[in-house]
Amino acid sequence: MLIGKPSDIPSSEITPQDQYLNRRRFMREALTTSVAAGAAALGAGRLAEILSPSVSVLAGTKLETVKSPLTTTGEQLTSFEDVTHYNNFYEFGVDKDQPAKNAGLLPVRPWTVRVEGKVKQPKTFDIDTLLKLRPLEDRVYRHRCVEAWSMVIPWVGYSLSEFIRQCDPLPSAKYIQFLSYYDTKIEKWGTSETSIVWPYSEGLRMDEAMNPLTLLTFGLYGEALPNQNGAPLRIVVPWKYGFKSAKSIVAVRFLDKQPPTTWNDQGPNEYGFYSNVNPNVDHPRWSQKTERRIGLPFYAQRRTTLMFNGYGDQVASLYNGMDLRRNF
Amino acid sequence: MKRPILIALKILAWLACLWPLGWLIWGAVTDNLGADQVHAITFTTGLATLHILTISLAITPLRRLSPRLNWLIKFRRLLGLFAFFYASLHLLTYIALYAGFDVSVMAADIAKRRYITAGVAAWLLLLPLAATSTNWAIRKLGGKRWNRLHKLVYVAAVCGVIHYWWQVKPGVRTPLTITVVLAVLLLARPIQEWMQRSKPRLV
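Okay, here's the thing in structure tokens:
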């Protein structure tokens, strides 16, 4: 008789789901801590090399977030696995799978951001101060790479404009430059596989930087950024090709002139300073009319590329009167 | 070389040449080709073409080093045909997965995108070589003419490497290794010929 058979486990002993999930989190954190202790004992560099970035110190920490009206709706998200294992981060290797393997070496704590140039007073911000500056928002954005593939990514951050206000830029500041972390010893792939002059530099016009869509980004999928995605903080400019969205930022400069930017220096005919997503202006080596959405089956990947990556309502007015074919 | 050893080596060569294809099929079945399967297929077949073609071009310089290496010639056709096989898969990947069988897209690409022009040129150069790879074709053409025709492989290999350089971003150095190896193998030919001519024949 099965009916009325008392359960082996009294309900009082069943672990509630949140605690069960917490346990996983606890295990992960315990692992992280012991790994960190072990790393200190064994020589951090060597050990970090064999660790995958998903267990490096801060990646994966849950972030508290709020909803945002600026989030993109109606798109199927690209999986966490694809977002974190298909990356262009040439400091850690030129193949898409290398950053996930190698970026564990990136020392994301302690981390500060220098603010310099045309500001009232140069300042240095600590990453943990920046994390608390404003409520962190969930913002889903389409991400369009200049290589004609795309993703849909749930980023976490707040508008860069909120940060810029804290920097007190002078009226003479017309451009903003972002410099990424670079250490030849850690990011040795940057010099062995390319002839690029590091650190990575990107820039925006001040009004582009102040547009609320431009996101100072600390996480994705509700968690702190994995190292390969630009930990501990990066920018995301969703209406421009992905390379405009500088990763692992250590310095922000306010300038009166357009700053030199890495890919524009490498190939001025291929990568413009503006690099707005534009299906009407081809890359010299391929068409930009269509893109392949990563994660879909190969026969369903191809889709039409949208002007300004579909964010024209919010940003087209920034370029009124400009010839976007010349200023590509 | 004894027959059983030759057969064993041939089997090994087949396995080695089939390795990239096996890796792709295994990856496709187990969903292990990464986030961008289309790129994985394109890159693997393209690189396999260049690698196998380069190995095939090493045979003549190696044989000239010592008569004891003459048996290597028995592997040249196999390697050449495998290079053509991967080049064809590579081209098919482009036609199906990038151009979507759209002839106008392909025509525009070939005219406008120089790396595609170079790639298509390389495949077109390999095509008559693959077509004349049979013993019958060698007899029909005569050794001399056949040899002259098959010198096209040098142009094809150079086109292949240019095709590689033209699609990586400026500043990326990954095609450097294969370029250097190919340059050494191509330069070895005139150098070895010159050395042989300047040396008095003993036999």
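Note that the protein sequences, when read in sequence, are chains A and B. At position 31 of the first sequence (counting the first as 1) the number is 31 in our numbering, and the numbers step up by one without a gap. Offset between the second sequence (1-based) and our numbering: plus 1000. Glycine residues also receive a C-beta, built at the ideal position from the N, C-alpha and C atoms.
Of the choices the options, whose alpha-carbon is the least far from that of residue i?
i	options	result
A/F163	A/R325, A/M206, A/E223 and A/S192	A/M206
A/G242	A/F80, A/I127 and A/Y86	A/Y86
B/A1122	B/W1071, B/G1160 and B/G1142	B/G1160
A/S161	A/V315, A/M210 and A/D128	A/M210
B/K1112	A/W286, A/Y311, A/Y319 and A/N309	A/W286
A/D313	A/G104, A/T72 and A/S68	A/T72
B/G1080	B/W1071, B/T1054 and B/R1064	B/T1054
B/L1182	B/I1041, B/I1052 and B/S1133	B/I1052
B/H1150	B/A1013, B/T1132, B/I1041 and B/S1198	B/T1132
A/P154	A/K289, A/L70, A/T262 and A/K123	A/L70
A/T61	A/K247, A/V115 and A/G222	A/G222
A/I196	B/R1197, B/R1173, B/K1199 and B/D1102	B/R1173
A/L333	A/Q288, A/D183, A/D265 and A/Y158	The requested residue 333 of chain A is not part of the displayed model; chain A covers only 1 to 328.
A/R293	B/D1102, B/H1039, B/S1198 and B/P1004	B/H1039
A/A316	A/Q98, A/V277, A/K247 and A/L215	A/V277
Per DSSP, what are the beta-bridge partners of residue i in this structure?
i	result
A/L220	A/W155 and A/E223
A/Y175	A/R205 and A/L255
A/W263	In the DSSP output, where bridge partners are listed per residue, A/W263 has none listed.
A/S180	A/I249
A/L215	A/S159 and A/V236
A/G93	None, per the DSSP bridge assignment.
A/K132	In DSSP, A/K132 forms no bridge with anything.
A/W286	A/H283
A/T124	A/R114
A/E291	A/R303
A/N276	A/K240
A/W149	A/R292
A/T65	A/L136
B/H1150	Note: B/H1150 sits in no beta bridge, so no partner.
Keeping to the same chain, check which residues put their C-beta closer than 6 Å to that of residue i; ignore five residues upstream and five downstream.
i	result
B/L1089	T1045
A/L42	Any reading at A/L42 must be qualified, since the residue scores a pLDDT of 44, below 50, and its modelled position is unreliable; no value is offered.
A/S172	K118 and D256
B/A1008	none
A/K174	M206 and D256
B/K1010	none
B/G1027	L1033
B/C1106	Looking at the sequence provided, one finds Met at residue 1106 of chain B rather than Cys. Contacts found: A1099.
A/F125	V113
A/G45	Residue confidence is low: A/G45 scores 43 on pLDDT, short of 50, so the model does not pin down where it sits. Its coordinate-derived value is still stated next. So the list is empty, once near-sequence residues are dropped.
Would you mind stating whether residue i and residue j have Cβ atoms separated by less than 8 Å?
i	j	result
B/G1034	A/R302	no
B/Y1094	B/A1048	no
A/T156	A/T65	Reading off the sequence shown, one finds Val at residue 156 of chain A, where the question assumed Thr. Taking 8 Å as the Cβ cut-off, A/V156 and A/T65 qualify as a contacting pair.
A/Y90	A/T194	yes
A/W198	A/N309	no
A/L213	A/Y311	yes
A/V146	A/S275	yes
A/G321	A/N227	no
B/L1092	A/F298	no
A/G230	A/T78	no
A/L58	A/V108	yes
A/I249	A/V83	no
A/G267	B/K1169	yes
A/I176	A/L204	yes
B/L1021	B/I1041	no
A/N102	A/W189	yes
A/A246	A/Y181	no
B/I1059	B/L1050	no
B/L1078	B/A1013	yes
Ignore the nearest five residues each way along the sequence and tell me which others in residue i's own chain have a CB closer than 7 Å to its CB.
i	result
A/E291	R144, A148, W149, S150, R303 and T305
B/A1016	none
A/E187	E91 and F92
B/I1162	A1118
B/P1061	L1185, A1188, R1189 and Q1192
B/L1125	L1152, V1155, A1156 and C1159
A/T142	Inspection of the sequence shows that residue 142 of chain A is occupied by Arg rather than by Thr. Once the five neighbours on either side are set aside, the close Cβ partners of A/R142 are T72, E75, S150, V152, P238, N309 and G310.
B/W1166	R1114, Y1115 and A1118
Whose C-beta lies closer than 8 Å to the C-beta of residue i among residues of the same chain, with five residues either side of it excluded?
i	result
A/S68	E137, D138 and R139
B/L1127	F1084
B/I1110	I1116, T1117 and V1120
A/E116	P122, A251, V252, R253 and F254
B/L1057	V1153, Y1154, A1157, L1182, L1185 and L1186
B/I1138	T1132 and W1146
Checking contacts by CB at 8 Å: is residue i closer than that to chain D?
i	result
B/L1024	Annotation note: the requested chain D is absent from the structure, which comprises protein chains A and B.
Using a Cβ distance threshold of 8 Å, determine whether the stretch 277-287 of chain A contacts the stretch 320-328 of chain A, with at least three qualifying pairs required.
yes
Should the stretch 167-177 of chain A be called in touch with the stretch 221-234 of chain A, which here means at least 3 C-beta pairs below 8 Å?
no
Contact between the stretch 131-138 of chain A and the stretch 252-259 of chain A is defined here as three or more beta-carbon pairs at a separation below 8 Å; is this criterion met?
no
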